[in-house]
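Residue numbers (my numbering): 18 to 300.
Each residue gets a CB set at the ideal place from its N, CA and C atoms; glycine is no exception.
Have a look at the structure below, then the notes.
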């Protein structure tokens with residue numbers, strides 16, 4: 018199994034698509050393992066000639082756990098997680114790369130653009146915020162609900178799957194797109210079997226809590242970017258997406274019926290946006 022190493026942190030990753038295609042690092046969100054990227058969507062990117070590199074962030078999946086079940090406070094920052102991304106790219110032989118991230122992965126992506134800009138050719142940032150602050154939340158309750166929804170510790174696999182489904186459903190509140198409960202239930206089982214460590218999620222949450230991107234550094238990135246955000250996101254206001262796109266002088270794509278999700282009816286459109294951004298970064 019392929020692992021990258023950032024100091025003592027081991028990071029599991031998988032690659033798909035043409036080995037000679039432009040490398041795209043795909044960064045998952047809070048609590049999510051790399052299996053959260055649906056393979057049907059990944060294949061659409063591969064069919065466009067993109068080499069996709071999926072990774073488990075620290076404290077989820079097959080990557081390192083950074084503490085014991087009792088250690089749930091802040092033990093690292095999103096800057097450390099951005100360094101993890103750079104380490105995976107290096108291990109995969111991608112000295113320069115493209116990047117996309119959703120939710121927390123979008124925060125990490127912004128950090129990569131400020132800390133490792135010389136290695137990045139282009140970026141796609143999906144439904145995230147430039148800082149974990151009230152002004153960027155969809156509602157006053159969003160910060161708490163987004164970080165704690167469905168994180169109760171389960172005693173059994175079945176209970177863990179039910180909690181997982183409830184969390185996924187919360188991400189789809191208000192969406193115009195059908196919630197695929199069968200897939201959510203299947204994914205809940207897959208993630209449980211790969212690694213069930215809710216204490217790791219809480220350490221990720223502690224890293225998110227004080228995230229604030231440096232707007233001047235982000236604005237200086239100067240390479241092709243696209244921002245995708247749903248106007249019905251129950252956690253993060255679309256104003257956050259507008260602000261990030263403005264700083265980056267990038268494409269902005271707002272979807273009126275989309276929540277905190279990557280809905281299948283939009284896969285073709287998203288793949289087109291991503292491929293166009295990657296192509297521009299290659300030029």
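In this structure, residue 62 lies near residue 291, with their beta-carbon atoms less than 8 angstroms apart. For residue 28, the enclosing beta strand (DSSP E) covers residues 26-33. The Cβ neighbour count for residue 266, taken over all protein chains shown within 10 Å, is under 16; the residue is labelled exposed.
Residue 118 has 44, 142 as its beta-bridge partners, per DSSP. If the five residues before and after residue 295 are omitted, its C-beta is found closer than 7 angstroms to the C-beta atoms of 39, 41, 67, 115, 139, all from its own chain and listed in chain order. Counting the other Cβ atoms within 10 Å of the Cβ of residue 176 gives fewer than 16, which makes it exposed. Straight-line spacing of the CA atoms in residue 84 and residue 96 works out to 18 angstroms. Considering only 148, 64, 276, the residue with the shortest C-alpha distance to residue 192 is 276. Contact check for residue 184 against residue 76 fails: the beta carbons are separated by 8 angstroms or more.
Excluding the 5 residues flanking it on each side, residue 215 has same chain C-beta neighbours closer than 7 angstroms at 168, 170, in chain order. Taking the Cβ atoms as the reference, residue 280 lies roughly 4 angstroms from residue 194, within the contact range of under 8 angstroms. The alpha-carbon separation between residue 22 and residue 107 amounts to approximately 9 angstroms.
Residue 243 has 141, 268 as its beta-bridge partners, per DSSP. The continuous beta strand (DSSP E) containing residue 68 extends over residues 68-72. Where residue 63 is concerned, the enclosing alpha helix (DSSP H) starts and stops at 56-64. For the pair residue 260 and residue 228, the Cα-to-Cα distance works out to about 16 angstroms. By the neighbour-count criterion, in which 16 or more other beta carbons inside 10 Å mark a residue as buried, residue 81 falls on the buried side. Within the region 173-205, no beta strand (DSSP E) run of at least 3 residues lies entirely inside it. Exposed is the label assigned to residue 174, since fewer than 16 other Cβ atoms lie within 10 Å of its Cβ.
Taking each of 124, 297, 207, 186 in turn and checking the Cα distance to residue 240, the smallest one comes out for 297. Here residue 204 is near residue 52, since their CB atoms are less than 8 angstroms apart.
For residue 96, the enclosing alpha helix (DSSP H) covers residues 95-108. Taking residue 70 as reference, the option from 30, 263, 57 with the minimal CA-CA separation is 30.
Of the residues 119, 91, 151, the one whose Cα lies closest to the Cα of residue 43 is 119. The residue among 132, 272, 78 with its C-alpha nearest the C-alpha of residue 287 is 272. Residue pairing from DSSP places residue 229 in a beta bridge opposite 148.
The alpha-carbon separation between residue 151 and residue 233 amounts to approximately 21 angstroms. The alpha-carbon separation between residue 300 and residue 101 amounts to approximately 26 angstroms. With 16 or more other CB atoms across the displayed protein chains lying within 10 angstroms of its CB, residue 45 is buried. The beta carbons of residue 230 and residue 282 sit no closer together than 8 angstroms. DSSP links residue 253 through a beta bridge to 154.
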